[in-house]
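Asker: Quick one: the structure is below, and I'll ask about it shortly.
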Amino acid sequence: MPPPADLAIAVLRWLEYAGLLGFIGVVVVRRLAGMEPLLRWARPSMQPALAAAFIGGLLLLAADWLRAGHPNPAILVRVAAEGVALGLCMYVHRWVVPPALLAVLALPFAGHASAMQPAGGVIFTDAVHVLSAGMWGGGILVLATLRPPEGWGVGEGRAMLERFGRVAFLAFAITALTGVLRAASVVADFSGLWTSAYGVVLMAKSAGVLAMVAISVLGWRRGRRYARVDGVLVLLVLAATAILAAYPMPLYPSSVELVSH
Numbered sequence: 008m009p010p011p012a013d014l015a016i017a018v019l020r021w022l023e024y025a026g027l028l029g030f031i032g033v034v035v036v037r038r039l040a041g042m043e044p045l046l047r048w049a050r051p052s053m054q055p056a057l058a059a060a061f062i063g064g065l066l067l068l069a070a071d072w073l074r075a076g077h078p079n080p081a082i083l084v085r086v087a088a089e090g091v092a093l094g095l096c097m098y099v100h101r102w103v104v105p106p107a108l109l110a111v112l113a114l115p116f117a118g119h120a121s122a123m124q125p126a127g128g129v130i131f132t133d134a135v136h137v138l139s140a141g142m143w144g145g146g147i148l149v150l151a152t153l154r155p156p157e158g159w160g161v162g163e164g165r166a167m168l169e170r171f172g173r174v175a176f177l178a179f180a181i182t183a184l185t186g187v188l189r190a191a192s193v194v195a196d197f198s199g200l201w202t203s204a205y206g207v208v209l210m211a212k213s214a215g216v217l218a219m220v221a222i223s224v225l226g227w228r229r230g231r232r233y234a235r236v237d238g239v240l241v242l243l244v245l246a247a248t249a250i251l252a253a254y255p256m257p258l259y260p261s262s263v264e265l266v267s268h
């Protein structure tokens with residue numbers, strides 16, 4: 008179990024993750040709602056997600072600064088981008104996506120990916136993983152907050168599910184592929200999944216993802232009756248992701264050079 012200070016930082020990291028992935032989900036849902044015929048009820052605000060990301064990121068920056076004695080440049084850039092995006096959303100009502108997307112793409116630069124040698128390919132994989140996870144998991148999280156006029160089983164609700172399903176299938180496939188590649192770069196063999204704390208949390212996260220898939224399929228078939236459960240699972244998977252960042256990576260050939268210095 009990580010020290011209490013690391014767990015507290017994981018909570019802040021979780022809040023920021025939820026906000027950033029939720030923002031991607033809002034962008035996806037709003038784009039889908041703008042297709043013909045228009046779904047005017049499916050236009051959620053970007054502000055709550057951006058506020059969560061900025062508050063979580065700002066507190067994370069402060070906590071990390073106090074612990075390390077100096078600010079982490081990657082977190083500083085990320086929080087600045089989140090603040091700009093939130094300000095534009097609240098007062099300008101345009102140009103919100105570019106700075107928010109910059110914040111999302113900056114996530115891997117402050118995580119385990121930046122510690123790998125060489126780091127470029129791992130950071131790229133992480134960035135693609137975060138974007139696709141936001142389109143899929145973030146979209147599920149946003150849909151869990153919406154209430155179509157006639158429910159999810161018919162009419163406009165069903166139309167939104169069908170539109171999202173086409174995007175979600177591809178996004179999940181990319182998320183799964185990049186997730187496997189990322190895990191393979193950290194865990195040397197299958198035994199590492201149960202002999203290290205990192206591996207155990209990674210398995211718990213994977214189980215949560217599989218549960219999300221199962222409930223999403225049921226929701227699509229039965230009119231999204233389990234939307235709230237699916238949304239809660241997204242938050243739990245994000246919590247596991249935040250906790251993973253608090254654990255040291257298992258030793259792996261690609262990281263031996265880093266550890267030896």
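Numbering (my numbering), first residue to last: 8 to 268. Cβ atoms here follow ideal geometry from the backbone N, Cα and C, with glycine treated the same way. This structure is a prediction, so every number in the text was calculated from the model and none was measured.
(1) Check whether the Cβ atoms of residue 151 and residue 238 sit closer than 8 Å, and answer yes or no.
(2) Among 67, 252 and 200, which one has its Cα closest to the Cα of residue 213?
(3) Inspect the beta-carbon positions of residue 86 and residue 68 and report whether they are closer than 8 Å.
(4) At the level of alpha carbons, what is the spacing between residue 40 and residue 11?
(5) Relative to the C-alpha of residue 158, which residue among 33, 175, 186 and 48 is closest?
(6) Mind listing, in chain order, the continuous alpha helix (DSSP H) runs of no fewer than 4 residues lying wholly within the region 112-164?
(7) When you compare the CB positions of residue 147 and residue 53, do they come within less than 8 Å of one another, or not?
(8) Can the beta-carbon of residue 111 be found less than 8 Å from the beta-carbon of residue 138?
(9) Less than 8 Å between the CB atoms is what I'm expecting for residue 244 and residue 206, so what's the real figure, rounded?
(10) Is it true that the region 169-180 meets the region 29-45, where meeting means three or more beta-carbon pairs spaced less than 8 Å apart?
(11) When we look at the beta-carbon of residue 189 and count the other beta-carbons within 10 Å, is it buried (16 or more) or exposed?
(12) Measuring only the C-alpha atoms, how far is residue 131 from residue 56?
(13) Buried or exposed: where does residue 162 fall if 16 or more other Cβ atoms within 10 Å of its Cβ makes it buried?
(14) Looking at the structure shown, is residue 342 part of a helix, part of a strand, or coil, going by DSSP?
(15) By alpha-carbon positions, which one of 81, 104 and 79 ends up nearest to residue 91?
(16) So, for residue 22: in the same chain, excluding its five sequence neighbours on each side, which residues have a beta-carbon less than 7 Å away from its beta-carbon?
(17) Check each candidate in 256, 187 and 246 and name the one with the smallest Cα separation from residue 15.
(18) Hey, how far is the Cα of residue 192 from the Cα of residue 256?
(19) Look up residue 197 in the DSSP assignment and say whether it is helix, strand or coil.
Answerer: Taking the geometry as given:
(1) yes
(2) 200
(3) yes
(4) 43 Å
(5) 48
(6) 127-140 and 146-150
(7) no
(8) yes
(9) The pair is not a contact, with the Cβ atoms about 16 Å apart (cut-off 8 Å).
(10) yes
(11) buried
(12) 24 Å
(13) exposed
(14) Absent from the model: residue 342. The displayed extent of the chain is 8 to 268, so no value can be given.
(15) 104
(16) 59, 62 and 63
(17) 246
(18) 10 Å
(19) coil
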